[in-house]
Each structure stands twice: as structure tokens, then as C-alpha cells.
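**Q** Numbering (our numbering), first residue to last: -14 to 246. We put the CB at the ideal spot given by N, CA and C, even for glycine.
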Ligand code: NAP
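Next up, the structure:
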């Protein structure tokens, strides 16, 4: 990214959801900045491919750890593998997330629970596992891909589960920011607008009509570079970059646009 100089040589970042989309763009950017990486996602093939690609291209050290962030024992294994390999974790970047679109009264209860386990508990539990070492060292930065949808009030139709959980996550992270300041640990929430990825491919409306207006995942990597570029005594609490022109990210969503049929 132009005009942002970040040197992470010798530092270690754990990134979830790193095999494609926003997570892969962030992993690529941190590799460009020289960080060694621990990448996590559920599916081994794309994860290994990303690890090999970034090692070859940027000369960094990296491992991939298959991990379902909905499962506590997987998260524990991820942290253990990262510490076995690299001793300490300097940066945690929480990205792994899923979306679904349902009128609430038709949404399967299992779907709501799955979103809660991945998009909310997945972040909170992993932070809880990583943070004691950061507190002891009085150093570390936790960066979280939340969502620009948390800026939309009321929540768009069909996204009650997704957006309300992201809102809860954003509130949690804001509190954590203030609690961790006294330990010199930075906490940053990223609130991207709609990004072209597999996740939005699966949504109705957005994907079909306005794909050329969606943001490139590199825009979120730019937010990460910025968050890492500020002076040591400062920290972006929240960064929001929202697409221009996309009705999806208007504060008020047209009724017709979001009525899923
Ligand atoms: P994506 O292209 O579908 O990529 C999702 C990544 O997360 C993949 O690497 C996937 O790999 C992994 N993943 C999914 N479920 C997982 C689980 N249970 N455990 C571990 N890894 C898992 O999605 P994306 O668009 O990049 O979205 C990434 C994050 O950005 C999400 O938190 C999303 O809410 C947020 N976000 C997205 C947008 C957008 O418009 N795309 C906007 C704002 C915020 P496996 O499937 O192999 O596990």
C-alpha cells in the first residue's frame, strides 16, 4: 500500500479465515510487511496453498493450522501450535466469519447458533486464549474484522442474526479497547462495507445487481496497514471504509431490496 511503511520482520501474526477473501488479503499484506504467519481455516487444501504461496513469494515463515473457530478445542490447538512454532503471538487478526440471509421467523435455530459460535464466540474465545501472554508482556495488537453493517440501524431485513451478533462483537471490542489500554495492548475493529468475496457471492441482491460496486478485499488490508502504521502510543479504535454508491450500505435500506423471496 502506498505511503504506509510498516516493518513487521520477526513479528508473528495469527490470522483466522486466512485461506481466501478478506483473510487472505490481510495475510498477504502482513507477509509483505515481513511478518511470520500462523494461518487458520477449516479446509486444509486452500489453507496449505495460501501458506505455500506466501512463503515462496515473501520469504517469510508460515504454518497453516486447520481450525474450526466454532470449536474451543480447535482454538486451543491453534494457539498451542502457534506458540510451539514461534514462541509468542504479537498480532491476532480475527477474520473467520460466515453470513446467512433469512427472515427471522424462517431461520433455522441451528443457523442462528452456528453464526453465534463462529462470528461472535469464535472471536471472543480466541482473544481470551491469546490475551494473557500479551498482558504479561504488555505488548500486542488484536485486529478484528467486524462489519460496516453495524453502522446500519435498523438492521437490514434478513440479517438480524448476522448484524446483531456483529453489533454485540463491536460493543465487546470497544470495551476491550479501554480495558486493555493500561496493559499497552491495542484493540482495533474494522468495519468494512460490502466486499467482493465468496461470502457475498452467496447473498441475494448484493451479488446479483451490484458486484462492480463492491470493494476489493485489499481495501480491508489497507485498513490493517494503516492500523499498524500509527505511532506506538496511538491506536485506531475503529476504522470504517464503506463503498460509495452501493444502496446496501445506505443507512436506510429500501424495503424491496432486502425482501428475500
Ligand atoms: P469468505 O471469502 O467466505 O472467507 C471466509 C474465510 O473464513 C475462509 O478462509 C473460510 O475458510 C474461513 N472460515 C469460515 N468459517 C470458518 C470457521 N468456522 N472456522 C474457521 N475458519 C472459517 O468471507 P469474507 O468475505 O472474506 O469474510 C471474512 C470476514 O469479513 C467475516 O467475518 C465477515 O463477516 C467479514 N465481513 C465481510 C464483508 C463482505 O462484504 N465480504 C463485509 C464486512 C465484514 P473455510 O471455509 O475453509 O473454513
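Distance check for residue 75 and residue -2, CA to CA, integer angstroms please.
**A** The alpha-carbon atoms of residue -2 and residue 75 are separated by roughly 6 Å.
**Q** Residues in its own chain within less than 8 Å of residue 228 by CB, not counting five upstream and five downstream?
**A** Cβ neighbours of residue 228 beyond the five flanking positions: 178, 179, 198, 199, 200, 234.
**Q** Using 8 Å for Cβ pairs, my map puts residue 78 next to residue 128. What's the rounded Cβ distance?
**A** Correct: roughly 5 Å between the Cβ atoms.
**Q** Using only the alpha-carbon positions, how far apart do residue 182 and residue 204 sit?
**A** Between residue 182 and residue 204, the C-alpha separation is close to 12 Å.
**Q** Below 8 Å between beta carbons: does that hold for residue 173 and residue 155?
**A** Cβ atoms of residue 173 and residue 155: not closer than 8 Å.
**Q** Less than 7 Å between the CB of residue 155 and some heavy atom of the ligand SAH, yes or no?
**A** With respect to the ligand SAH, the structure shown offers nothing to examine, as its ligands consist of the ligand NAP.
**Q** According to the neighbour-count rule (16 or more other Cβ atoms, all chains shown, within 10 Å of its Cβ), is residue 202 buried or exposed?
**A** Classification of residue 202: buried, given that the 10 Å Cβ count is 16 or more.
**Q** In three-state DSSP terms, what is residue 242?
**A** With a pLDDT of 46 at residue 242, under the threshold of 50, the modelled position of this residue cannot be trusted, and the question is left open.
**Q** With DSSP as the reference, identify every bridge partner of residue 68, one or two as the case may be.
**A** Per DSSP, none; premise fails for residue 68.
**Q** Looking at the ligand NAP, does it come within less than 7 Å of residue 177, judged from the CB to the closest heavy atom?
**A** Yes, the Cβ of residue 177 comes within 7 Å of a heavy atom of the ligand NAP.
**Q** Work out the CA separation of residue 144 and residue 186 for me, nearest whole Å.
**A** Each residue's alpha carbon lies about 15 Å from the other.
**Q** What residues in its chain sit with their C-beta under 7 Å from that of residue 92, if we drop five residues either side in the sequence?
**A** Excluding positions up to five away in sequence, the list reads 146.
**Q** Rounded to whole angstroms, what's the CA-CA distance from residue 193 to residue 118? Just pull it up for me.
**A** Annotation note: pLDDT 49 at residue 193 (below 50); position unreliable, coordinate value reported separately. Each residue's Cα considered, the two are about 45 Å apart.
**Q** Quick one: residues in its chain with C-beta nearer than 6 Å to the C-beta of residue 4, no 5 flanking neighbours on either side, listed in chain order?
**A** Counting only Cβ-Cβ distances below 6 Å, and skipping sequence neighbours, we find 26, 31, 32, 35.
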